[in-house]
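Visitor: Protein chains in written order, with this note's numbering: chain A, 2 to 311; chain B, 6 to 376.
C-beta atoms are modelled at their ideal positions from N, C-alpha and C, and glycine is treated no differently.
Quick one: structure below, then a few questions.
Take a look at the structure:
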């Protein structure tokens, strides 16, 4: 059995295999053709997922979480020495997380080869997997609303407040969150830095705020980001207005000049776009080559328009 | 902020102190990290990660540190939560002896848990000095072939100074035990008490073969080897022991939740009349050997362990000062030696400490000038 994922999604494939209680190997290729995933199914249930929930992935995850070391002088602290119960719990989380992403793939293909499969480290039924994915998605949506799209910036609270709070019990994830808090990283950036699900990180941040260890503040307004959203939506004049006022107070913000040029092109004002990109090249010399190329393109467009008018 | 967290966490558990050391080290707060790591390894439940953290920090390194798992797998309580035996063992471990006794008495009514409950009761009576009641309870354990009970029976005789009866009981049961390592270790300890270090080594090596993870067997093998003048084997055994556990508990009572399940260890409280000697004396001997062989990180950790229980122990302070001076941490060495001078001004260590302190002051000022 095989087919493209844009015609039959992975959820449907897994449900079909589960209903038929099929055993075999399901190979799935998503948007990245070089990254194939291999699922082993036994009687319709996912029992292994390589490479995302394989032994090497578990070892790497334990090391990146500072729970094990590859230091040859400390073999007793190596990943293989971590109790099986912890390794298998981590495997389960990595598998669900990987499958969460795979279930959303609409490009790529799958190939199922029927063969005997005698168990594996996982035991995931499709229905339960879907429920877990839906639950994670619901948590993400709720938490995104609570934490301003995960853009809020955690920072440490006042020392007096930290010192005087009630009894405190911190998990290893809490310590890792605290390790990367620097006042300028958003919750989303912290989750990315830790390679942990954003909803899990947001919940830990919430608990640390409740414990008076952290406090949250809103991210400063990002005019360039807002303007880019306006450009994406075709609201070029609004973007030009935003960016023009911004560069008048922040003339060294190269990215703002870059976006202003794009907005001017969208509004059909190539001469102004050239001016903006000249300013971009001056503000960001490392991007001068890109700026010159865009200016050249704008000039070509400008000349073409003039010729048409003439 | 690190200091605020330290104040907030207060007297917490070893894993949290280890993780605090990790966090402080990554924030560049080396002194706070070292302090937290020392506090972690001074606790009986310190994880092996705590030991590594202390060693690296003591050597001036803050890379490659690990977090200690705060919610590890728990040993299965076969008797199950809510069972009187589980409640008894929990209360016993917490030192609530009256509660433990009531629960043990309830548990002896269940034939499945009766031998384990009698064993717990026997230990409890022995701890209270009620030897007749303890003897009676242990007799029931021996009759029921309860191995933890037999181990504890032998240990009680050893602690009462009757090593002959202890060794005789152990000899009768070692060959029959499914898990003989604790009995073999106890036999080694008894031989050591009888000044028979060569026999002790044989028993202890057999214990390690039966259970390579039995930390106290490695520790005791280190001591026995030291007595035989085999410093190399002593050091190897001690280092292996320290990887398994930072805490040397030569004598433990074994409590069970279920027959043939892995027993729960209850450290024996050392007493002034303890014929097996002080754990701290043993640790000091090991610390000095490590120091002489330039294993500074391990030596310091051993001296820290002694000082965590007895902060004015002059020999430990003196030798920790030597370790710190070798690590060029003259200011801290000076503090230790000055304390020795104050605590024991007329003793030989006091006089040596004053001389060393003078040198440390000069070196500290040299380094300060260089900086």
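Examine chain A for any beta-carbon lying closer than 8 Å to the beta-carbon of residue 33 (chain B), and answer yes or no.
Guide: On the second chain, position 28 is the one that residue 33 (chain B) refers to. It does not; no Cβ of chain A falls within 8 Å.
Visitor: Going along chain B in order, which residues have a C-beta closer than 9 Å to the C-beta of residue 166 (chain A)?
Guide: Residue numbering aside, residue 166 (chain A) sits at position 165 when the first chain is read from its first letter. Those are 13, listed as they occur along chain B.
Visitor: Looking at the unbroken alpha helix (DSSP H) that takes in residue 9 (chain A), where does it start and where does it end?
Guide: Locating residue 9 (chain A) in the first chain gives position 8, counting from the first residue. That residue, residue 9 (chain A), is in no alpha helix (DSSP H); it is neither H nor E in DSSP.
Visitor: Three-state secondary structure (DSSP) at residue 361 (chain B)?
Guide: Locating residue 361 (chain B) in the second chain gives position 356, where the first residue counts as 1. In this structure, residue 361 (chain B) counts as helix in the three-state DSSP scheme.
Visitor: Bridge partners of residue 41 (chain A), per DSSP?
Guide: For the purposes of this step, residue 41 (chain A) is taken as the residue at position 40 of the first chain. The partner list for residue 41 (chain A) (beta bridge, DSSP) reads A:26, A:49.
Visitor: Is it buried or exposed, residue 252 (chain A), if we count other Cβ atoms within 10 angstroms and call 16 or more buried?
Guide: In the first chain, counting from the first residue as 1, residue 252 (chain A) sits at position 251. Looking at its Cβ environment, which holds fewer than 16 other Cβ atoms inside 10 Å, residue 252 (chain A) is exposed.
Visitor: I'd like to know if residue 138 (chain A) contacts chain B, where contact means its C-beta is closer than 8 Å to some C-beta of that chain.
Guide: As a working mapping, residue 138 (chain A) is identified with position 137 in the first chain. With 8 Å as the cut-off, residue 138 (chain A) does not count as an interface residue toward chain B.
Visitor: Note down, in chain order, every chain A residue with its Cβ under 9 Å from the Cβ of residue 246 (chain B).
Guide: For this step, residue 246 (chain B) is matched to residue 241 along the second chain. Within chain A, no C-beta atom comes less than 9 Å from the C-beta of residue 246 (chain B); the nearest is roughly 12 Å away.
Visitor: Answer yes or no: does any C-beta atom of chain B fall closer than 8 Å to that of residue 191 (chain A)?
Guide: Counted from its first residue, the first chain places residue 191 (chain A) at position 190. Judged by the 8 Å Cβ criterion, residue 191 (chain A) is not in contact with chain B.
Visitor: Check distances from the C-beta atoms of the segment 170-188 of chain A to those of chain B and list, in chain order, the residues that come in under 7 Å.
Guide: For the segment 170-188 of chain A, the set of positions with a beta-carbon nearer than 7 Å to some beta-carbon of chain B reads 171, 172, 173, 176, 179, 180 in chain order.
Visitor: Between which two residues does the beta strand (DSSP E) holding residue 4 (chain A) run?
Guide: Numbered from 1 along the first chain, position 3 holds the residue referred to as residue 4 (chain A). That run of the beta strand (DSSP E) goes 3-5.
Visitor: At which residue ranges does the segment 150-228 of chain B contain complete alpha helix (DSSP H) runs of 4 or more residues, listed in the order of the chain?
Guide: 152-164, 168-179, 186-198, 202-215
Visitor: Going by Cα to Cα distance, which pick from B:12, B:236, B:325, B:342 is closest to residue 298 (chain B)?
Guide: Along the second chain, read from residue 1 onward, the residue named residue 298 (chain B) stands at position 293. The shortest C-alpha separation from residue 298 (chain B) is found at B:236.
Visitor: Flag this pair as yes or no: are the beta carbons of residue 317 (chain A) and residue 258 (chain A) separated by less than 8 Å?
Guide: This structure cannot speak to residue 317 (chain A), because chain A is shown only from 2 to 311.
Visitor: List the whole-angstrom C-beta distance separating residue 212 (chain B) from residue 186 (chain B), where the pair is believed to meet the contact cut-off of C-beta under 8 Å.
Guide: Counting from 1 along the second chain, the entry for residue 212 (chain B) is found at position 207. Counting from 1 along the second chain, the entry for residue 186 (chain B) is found at position 181. Right, their Cβ atoms sit about 5 Å apart.
Visitor: Do we get a CB-CB distance below 8 Å when we pair residue 105 (chain A) with the residues of chain B?
Guide: Counting from one through the first chain, the residue named residue 105 (chain A) turns up at place 104. It does not; no Cβ of chain B falls within 8 Å.
Visitor: Identify which residue in B:293, B:215, B:155, B:357 has its Cα closest to the Cα of residue 243 (chain B).
Guide: Position 238 of the second chain, counted from the first residue, corresponds to residue 243 (chain B). Among B:293, B:215, B:155, B:357, the Cα nearest to that of residue 243 (chain B) belongs to B:293.
Visitor: Take every Cβ of the segment 165-175 of chain A, pair it with every Cβ of the segment 221-229 of chain A, and state whether three or more of those distances are shorter than 8 Å.
Guide: Result no; under three Cβ-Cβ pairs closer than 8 Å.
Visitor: Output the distance between the C-alpha atoms of residue 186 (chain A) and residue 213 (chain A), rounded to the nearest integer angstrom.
Guide: If you number the first chain from 1, residue 186 (chain A) lands on position 185. If you number the first chain from 1, residue 213 (chain A) lands on position 212. In this structure, the CA atom of residue 186 (chain A) is about 18 Å from the CA atom of residue 213 (chain A).
Visitor: DSSP state of residue 255 (chain B), grouped into three classes?
Guide: Locating residue 255 (chain B) in the second chain gives position 250, where the first residue counts as 1. Looking at residue 255 (chain B) - three-state DSSP - the assignment turns out to be coil, as it is neither helix nor strand.
Visitor: Ignoring anything shorter than 3 residues, give me the beta strand (DSSP E) runs that lie fully in the segment 206-254 of chain A, in order along the chain.
Guide: Fully enclosed beta strand (DSSP E) runs of 3 or longer: 215-218.
Visitor: With distance defined between alpha-carbon atoms, name the residue in B:350, B:254, B:343, B:354 nearest to residue 363 (chain B).
Guide: Mapped onto the second chain, residue 363 (chain B) falls at position 358. The shortest CA-to-CA distance from residue 363 (chain B) to any of B:350, B:254, B:343, B:354 is the one to B:343.
Visitor: From residue 90 (chain B) to residue 117 (chain B), what does the alpha carbon distance come to, in whole angstroms?
Guide: Indexing the second chain from 1 puts residue 90 (chain B) at position 85. Indexing the second chain from 1 puts residue 117 (chain B) at position 112. Rounded to whole angstroms, residue 90 (chain B) to residue 117 (chain B) spans 10 Å at the Cα level.
Visitor: Note down, in chain order, every chain A residue with its Cβ under 7 Å from the Cβ of residue 21 (chain B).
Guide: Residue mapping note: residue 21 (chain B) aligns to position 16 of the second chain, counting from 1. Neighbours of residue 21 (chain B) on chain A, chain order: 171.
Visitor: Looking at chain A, is there any beta carbon in it that lies within less than 8 Å of the beta carbon of residue 2 (chain B)?
Guide: Residue 2 (chain B) lies beyond the residue range present for chain B, which begins at 6 and ends at 376; the question has no answer from this structure.
Visitor: Check residue 110 (chain A) in the structure and name its three-state DSSP category.
Guide: Counting from 1 along the first chain, the entry for residue 110 (chain A) is found at position 109. Strand, per DSSP.
Visitor: Closest by CA to residue 207 (chain A), which one among A:130, A:147, A:128?
Guide: What you label residue 207 (chain A) is simply residue 206 of the first chain in a count that begins at 1. Closest option to residue 207 (chain A), Cα to Cα, is A:147.
Visitor: Return the first residue and the last residue of the beta strand (DSSP E) that residue 299 (chain B) is part of.
Guide: Position 294 of the second chain, counted from the start, is the residue given in the question as residue 299 (chain B). Unbroken run through residue 299 (chain B): none, as it is neither H nor E.
Visitor: Per the DSSP calculation, residue 125 (chain A) is bridged to which residue(s)?
Guide: Here residue 125 (chain A) refers to the residue found at position 124 when the first chain is read from its first residue. Beta-bridge pairing links residue 125 (chain A) to A:47.
Visitor: Sorted by chain position, which residues of the same chain lie with C-beta nearer than 6 Å to residue 5 (chain A)'s C-beta, five sequence neighbours on each side aside?
Guide: Counting from one through the first chain, the residue named residue 5 (chain A) turns up at place 4. Correct list, in chain order: 110.
Visitor: Using three-state DSSP, classify residue 316 (chain B) as helix, strand or coil.
Guide: Against the second chain, residue 316 (chain B) aligns to sequence position 311. In the structure shown, residue 316 (chain B) falls within a coil segment according to DSSP collapsed to helix, strand and coil.
Visitor: Relative to the alpha-carbon of residue 192 (chain B), which residue among B:172, B:184, B:183, B:178 has its alpha-carbon at the smallest distance?
Guide: Here the question's residue 192 (chain B) lines up with position 187 in the second chain. Of B:172, B:184, B:183, B:178, the residue nearest in Cα terms is B:172.
Visitor: Is the CB-CB distance between residue 25 (chain A) and residue 114 (chain A) below 8 Å?
Guide: Position 24 of the first chain, counted from the start, is the residue given in the question as residue 25 (chain A). Position 113 of the first chain, counted from the start, is the residue given in the question as residue 114 (chain A). Yes, the pair counts as a contact, with Cβ atoms nearer than the cut-off.
Visitor: Between which two residues does the beta strand (DSSP E) carrying residue 22 (chain B) extend?
Guide: Counted from its first residue, the second chain places residue 22 (chain B) at position 17. Run containing residue 22 (chain B): none in the beta strand (DSSP E); it sits in the alpha helix (DSSP H), 19-31.
Visitor: Chain B partners of residue 195 (chain A), CB-CB under 7 Å?
Guide: Within the first chain, numbered from 1, the residue matching residue 195 (chain A) stands at position 194. Those within 7 Å of residue 195 (chain A) in chain B number zero; the least Cβ separation is about 12 Å.
Visitor: Measure the Cβ-Cβ separation of residue 143 (chain B) and residue 157 (chain B) and say whether it is below 8 Å.
Guide: Start at 1 with the first residue of the second chain, and residue 143 (chain B) comes out as number 138. Start at 1 with the first residue of the second chain, and residue 157 (chain B) comes out as number 152. Closer than 8 Å, so yes.
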